[in-house]
Amino acid sequence: MFSRLALRTGAVLRQHVTKHPVIVVAARSGSTEQWDKANAIYYGPERDVKNFPITKMAEKTPNTRMGIFPESWFKYLEEKTGVSGPYVLGTGVVLTAFSKELLVIDHTFSELISFWIMFALVAKKFGPSIGKYLDELSESYMKAKWHQPIEDAKVNSKEMIKQIDEGLWREEGQTHLFEAKKENVDLQLEAQYRERLSEAYRAVKSRLDYQLDRQNTRIRFEQEHMVNWIVQNVIKGITPQQEKDAISKCIADLKGLAAKA
Amino acid sequence: MDFLSKAGVGRYPAGYNAKVHGPYNPAVNYGKPDAALSEVKLGQLGSWLSRRSFGPGAIVRACSRGWHRYAQKWILVKKPGVAPVAQLVGGLCFLYFLGGMKSRSYHRHAKYH
Numbered sequence: 009m010f011s012r013l014a015l016r017t018g019a020v021l022r023q024h025v026t027k028h029p030v031i032v033v034a035a036r037s038g039s040t041e042q043w044d045k046a047n048a049i050y051y052g053p054e055r056d057v058k059n060f061p062i063t064k065m066a067e068k069t070p071n072t073r074m075g076i077f078p079e080s081w082f083k084y085l086e087e088k089t090g091v092s093g094p095y096v097l098g099t100g101v102v103l104t105a106f107s108k109e110l111l112v113i114d115h116t117f118s119e120l121i122s123f124w125i126m127f128a129l130v131a132k133k134f135g136p137s138i139g140k141y142l143d144e145l146s147e148s149y150m151k152a153k154w155h156q157p158i159e160d161a162k163v164n165s166k167e168m169i170k171q172i173d174e175g176l177w178r179e180e181g182q183t184h185l186f187e188a189k190k191e192n193v194d195l196q197l198e199a200q201y202r203e204r205l206s207e208a209y210r211a212v213k214s215r216l217d218y219q220l221d222r223q224n225t226r227i228r229f230e231q232e233h234m235v236n237w238i239v240q241n242v243i244k245g246i247t248p249q250q251e252k253d254a255i256s257k258c259i260a261d262l263k264g265l266a267a268k269a
Numbered sequence: 002m003d004f005l006s007k008a009g010v011g012r013y014p015a016g017y018n019a020k021v022h023g024p025y026n027p028a029v030n031y032g033k034p035d036a037a038l039s040e041v042k043l044g045q046l047g048s049w050l051s052r053r054s055f056g057p058g059a060i061v062r063a064c065s066r067g068w069h070r071y072a073q074k075w076i077l078v079k080k081p082g083v084a085p086v087a088q089l090v091g092g093l094c095f096l097y098f099l100g101g102m103k104s105r106s107y108h109r110h111a112k113y114h
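Line by line, the protein sequences give chains A and B.
Those letters in the first sequence? Residues 9 to 269, per my numbering, in order.
Those letters in the second sequence? Residues 2 to 114, per my numbering, in order.
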């Protein structure tokens, strides 16, 4: 359990704190405030999205006819003149220019025709491959300069959030460690208290035992002394006549016993 | 340079309000909305023109809006085609056609038109 807590509270925490200093976190929170401020101005409740829609980059250019004239011009004229109207208008304009010799057929006129024929041929033949190459170029550019940095920033932020969460988890571990240490100290105190309690018990018991032994010895000694004194005095009080009588009485008793046996 | 700034050079147009219009788009007219020229009938053309302003600043702003609208439609797209190139070359052809009008008139075949 303690090794797990040490992992939670240990040197790993210090490592990742130095890797991402606190200053970075502060700067990021500041930039998000700026972001919120800009959002509140540009996309607040007053924003009129209906008349002024959010601008988006178009995928492709509008459709064209003959590779140069916008389709919308033809559509605009078709409402009034029918499908062939715009072509009639264009042909009419060109014919008028020829008729009035605004467009003179001179020695340079063939250049105009041949240039546009070559332009159309090159666009038809090499257009798709050139377009594909340029599209790939722009896609890789967008990826390198726009999408990839966003992705990297997201990954970095996620990693940082993960590390900070782990740091918080470790910080939480500190409380457990503190509790465990407190419990440990309490146990030591309890052990010390009990040890001292038993020591006091033993000391009191030994003193009481001493008193008891002393008392017993005294009583025994007094008793022995008294018995000895009495016995000595009794022995001293016996006269030789009495002794003699007693022995003769003993002999008489032994004789009597022998006669019976 | 102060008089330029007072004349509106380098400033947002008077009608632009960031809270209503969002981020500034140079292609959009933030003035009073009016019918497009293509929607105007011939009889209403006079009154439509009278509502336009023809000051130098207004003309410059209109040209600027027109260029940005063209650019956002034809050039600043994700996958532009050959159309803007063709339009550039065609436009130059037309300009040369206009520029060479006088000198070309000496090469006319017919005397009277």
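Backbone N, C-alpha and C define an ideal beta-carbon position, used for all residues, glycine too.
Query raised in the report: In whole angstroms, what separates the C-alpha of Pro61 of chain A from that of Lys112 of chain B?
Result: Position 53 of the first sequence, counted from the start, is the residue given in the question as residue 61 of chain A. Position 111 of the second sequence, counted from the start, is the residue given in the question as residue 112 of chain B. Roughly 57 Å separates the two Cα atoms.
**Report entry** Three or more C-beta pairs below 8 Å linking the segment 82-95 of chain B and the segment 122-138 of chain A
**Finding:** They touch, by the three-pair rule.
Report task. Mind checking who Arg73 of chain A pairs with in its DSSP beta bridge? Result -> Translated into the one-based positions of the first sequence, residue 73 of chain A becomes position 65. Answer by DSSP bridge pairing, in chain order: A:Phe77.
Query raised in the report: What separation, rounded to the nearest whole angstrom, lies between the Cα atoms of Asp217 of chain A and Arg226 of chain A?
Result: Against the first sequence, residue 217 of chain A aligns to sequence position 209. Against the first sequence, residue 226 of chain A aligns to sequence position 218. Just so you know, the alpha carbons of Asp217 of chain A and Arg226 of chain A end up roughly 14 Å apart.
Query raised in the report: Under 7 Å between C-beta atoms, does Asn26 of chain B make it to chain A?
Result: Stepping through the second sequence from its first residue, residue 26 of chain B is reached at position 25. By this cut-off, Asn26 of chain B is an interface position.
Query raised in the report: Does the count of Cβ pairs from the segment 59-74 of chain B and the segment 28-44 of chain B closer than 8 Å reach three?
Result: yes
Query - Rounded straight-line distance, which links the Cα of Ser165 of chain A to that of Gln171 of chain A - result: Here residue 171 of chain A refers to the residue found at position 163 of the first sequence. Here residue 165 of chain A refers to the residue found at position 157 of the first sequence. Rounded to whole angstroms, Gln171 of chain A to Ser165 of chain A spans 10 Å at the Cα level.
Query - Inter-residue spacing [alpha-carbon to alpha-carbon] between Pro81 of chain B and Trp75 of chain B - result: Counting from 1 along the second sequence, the entry for residue 81 of chain B is found at position 80. Counting from 1 along the second sequence, the entry for residue 75 of chain B is found at position 74. Cα to Cα, Pro81 of chain B sits roughly 7 Å from Trp75 of chain B.
Query raised in the report: Is it right to say Ile76 of chain A is buried, meaning 16 or more other beta carbons lie within 10 angstroms of its own, or is it exposed?
Result: Mapped onto the first sequence, residue 76 of chain A falls at position 68. Ile76 of chain A comes out buried.
Query - Interface partners of Pro85 of chain B on chain A, CB under 8 Å - result: As a working note, residue 85 of chain B is residue 84 in the second sequence. Simply Thr69.
Requested in this report: Run down chain A in chain order and give the residues with a C-beta less than 7 Å from the C-beta of Ala19 of chain B.
Outcome: One-based indexing of the second sequence puts residue 19 of chain B at position 18. Here the neighbours are Ile49 and Tyr50.
Query raised in the report: Where DSSP assigns a beta bridge to Lys68 of chain A, which residues make up the other side?
Result: Working through the first sequence from its first residue, we reach residue 68 of chain A at position 60. Per DSSP, B:Lys80.
Query raised in the report: Terminal residues of the continuous alpha helix (DSSP H) containing Asn30 of chain B?
Result: Within the second sequence, the letter at position 29 stands for residue 30 of chain B. Asn30 of chain B -> no alpha helix (DSSP H), and no H or E assigned at all.
Query raised in the report: In its own chain, which residues sit with a C-beta less than 6 Å from the C-beta of Trp49 of chain B, not counting the 5 before and 5 after it?
Result: Taking the second sequence and counting its residues from 1, the one referred to as residue 49 of chain B is at position 48. Contacts found: Val41.
Report task. Taking Arg109 of chain B as the query, report the chain A residues whose CB atoms sit under 7 Å from its CB, ordered along the chain. Result -> For the purposes of this step, residue 109 of chain B is taken as the residue at position 108 of the second sequence. Residues of chain A passing the Cβ test: Glu109 and Val112.
Query raised in the report: Gly16 of chain B CB to nearest chain A CB: under 7 Å?
Result: Working through the second sequence from its first residue, we reach residue 16 of chain B at position 15. Chain A contact via Cβ: absent.
**Report entry** C-beta atoms of Lys108 of chain A and His110 of chain B nearer than 7 Å
**Finding:** Position 100 of the first sequence, counted from the start, is the residue given in the question as residue 108 of chain A. Position 109 of the second sequence, counted from the start, is the residue given in the question as residue 110 of chain B. No. Outside cutoff.
Query raised in the report: How big is the Cα-Cα spacing for Ile121 of chain A and Ser137 of chain A?
Result: The residue labelled residue 121 of chain A in the question sits at position 113 within the first sequence. The residue labelled residue 137 of chain A in the question sits at position 129 within the first sequence. Going from the Cα of Ile121 of chain A to the Cα of Ser137 of chain A covers about 25 Å.
Requested in this report: My understanding is that Gly16 of chain B touches Arg55 of chain A, with C-beta atoms under 8 Å, so please give their C-beta distance in whole angstroms.
Outcome: The count along the second sequence starts at 1 and reaches residue 16 of chain B at position 15. The count along the first sequence starts at 1 and reaches residue 55 of chain A at position 47. Between Arg55 of chain A and Gly16 of chain B the Cβ distance is about 16 Å, and since that is not below 8 Å, they are no contact.
Requested in this report: Tell me, please, whether the CB atom of Gln88 of chain B is closer than 7 Å to any CB atom in chain A?
Outcome: Taking the second sequence and counting its residues from 1, one reaches residue 88 of chain B at position 87. At least one chain A Cβ lies under 7 Å of Gln88 of chain B.
Query - Selection from B:Phe4, B:Met2 and B:Pro14 that minimises the alpha carbon distance to Ile60 of chain B - result: Position 59 of the second sequence, counted from the first residue, corresponds to residue 60 of chain B. The shortest C-alpha separation from Ile60 of chain B is found at B:Pro14.
Query raised in the report: Rounded to a whole number of angstroms, what is the C-alpha to C-alpha distance between Ser6 of chain B and Ser51 of chain B?
Result: Sequence index remark: in the second sequence, residue 6 of chain B carries index 5 (1-based). Sequence index remark: in the second sequence, residue 51 of chain B carries index 50 (1-based). Cα to Cα, Ser6 of chain B sits roughly 27 Å from Ser51 of chain B.
Query raised in the report: Using the rule of at least 16 other Cβ atoms within 10 Å of the residue's Cβ for burial, across every protein chain shown, is Val112 of chain A buried or exposed?
Result: What you label residue 112 of chain A is simply residue 104 of the first sequence in a count that begins at 1. With 16 or more other CB atoms across the displayed protein chains lying within 10 angstroms of its CB, Val112 of chain A is buried.
Report task. Write down the C-beta distance between Val78 of chain B and Thr89 of chain A rounded to the nearest angstrom, noting that I regard them as a contact closer than 8 Å. Result -> Counting from one through the second sequence, the residue named residue 78 of chain B turns up at place 77. Counting from one through the first sequence, the residue named residue 89 of chain A turns up at place 81. With a Cβ gap of about 30 Å, Val78 of chain B and Thr89 of chain A do not count as contacting.
Query - Proximal residues of chain C, C-beta to C-beta of Pro81 of chain B below 7 Å - result: In the structure shown, chain C does not exist; the protein chains are A and B.
Query - Boundaries of the alpha helix (DSSP H) in which Ile125 of chain A is found, first to last residue - result: Within the first sequence, the letter at position 117 stands for residue 125 of chain A. Start and end: Phe117 to Met150.
Query - C-beta contact flag for Gly9 of chain B and Gly47 of chain B at 7 Å - result: In the second sequence, residue 9 of chain B corresponds to position 8, counting from 1. In the second sequence, residue 47 of chain B corresponds to position 46, counting from 1. Taking 7 Å as the Cβ cut-off, Gly9 of chain B and Gly47 of chain B do not qualify as a contacting pair.
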